[in-house]
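Residue numbering for the sequence shown follows numbering that gives the first Met the number 0, beginning at 0 and increasing consecutively.
Backbone N, C-alpha and C define an ideal beta-carbon position, used for all residues, glycine too.
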Amino acid sequence: MKLIIAVVQDQDSNRLSSALVDHNFRATKLASTGGFLKSGNTTFLIGTEDIRVEKALQVIKDNCQSRDQLVAPVSPMGGSADSYVPYPVEVEVGGATVFVLPIEQFHNF
Ligand code: 2BA
Ligand code: 2BA
0 MKLIIAVVQD QDSNRLSSAL VDHNFRATKL ASTGGFLKSG NTTFLIGTED
50 IRVEKALQVI KDNCQSRDQL VAPVSPMGGS ADSYVPYPVE VEVGGATVFV
100 LPIEQFHNF
């Protein structure tokens, strides 16, 4: 078995959730925060058989799109001074950042 960890944008999370159910994948959704933008994103944990990994990746690819996001400057008062960016910058946030890990054991007690 493999564990797929997929970080996706909040806007895509409901669509991806439904698509995973439609394709008979089991998943857990976690609310997460991107380290760079410091805004919310969604992390999916998907445990699946090795032979279904490619299909899961395809479902993720089909349901998540990349978008440009303007990052407004944030005052260092509100956060840490070392991450302060004094001007707005545009970053392309990818459709999904995906990790595939081997699962040593799977239990469902
Ligand atoms: P849920 O996805 O909300 O699923 C709750 C229960 O609904 C499941 O209990 C299972 O009995 C049933 N269920 C889920 N998907 C189904 C499907 N496609 N067809 C038929 N029945 C289905 P559990 O299996 O004990 O799972 C409890 C929770 O553990 C799940 O909540 C999910 O958050 C997580 N989970 C289970 N298997 C997972 C996996 N392979 N990968 C990631 N998370 C998993
Ligand atoms: P964030 O960390 O909020 O990053 C959002 C977007 O900002 C990134 O999109 C990237 O285009 C840009 N970015 C991030 N760090 C940067 C840096 N040091 N310099 C310049 N631009 C930077 P994605 O790469 O598509 O990542 C989307 C989200 O996926 C990330 O949100 C983070 O939550 C997660 N992620 C990406 N790579 C990761 C990794 N290697 N490990 C863990 N999580 C990761």
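Tell me the DSSP secondary structure of residue i in three-state form.
i: Leu-69; result: strand
i: Asn-23; result: coil
i: Asn-62; result: helix
i: Leu-15; result: helix
i: Leu-56; result: helix
i: Gln-104; result: coil
With a threshold of 16 other CB atoms inside 10 Å of the CB of residue i, please say whether the residue is buried or exposed.
i: Gln-12; result: The sequence shown places Ser at residue 12, not Gln. Buried, by the Cβ-count rule.
i: Phe-98; result: exposed
i: Leu-69; result: exposed
i: Ile-102; result: exposed
Just to confirm, is the Cβ distance from residue i to residue j under 7 Å?
i: Lys-28; j: Phe-43; result: yes
i: Gly-94; j: Ser-65; result: yes
i: Gly-46; j: Asp-9; result: no
i: Ala-18; j: Val-52; result: no
i: Ala-71; j: Pro-87; result: yes
Measuring from the CB of residue i, is there a heavy atom of ligand 2 at a distance below 6 Å?
i: Asn-40; result: yes
i: Phe-43; result: no
i: Thr-96; result: yes
Under 6 Å from any heavy atom of ligand 1, does the C-beta of residue i make it?
i: Asn-62; result: no
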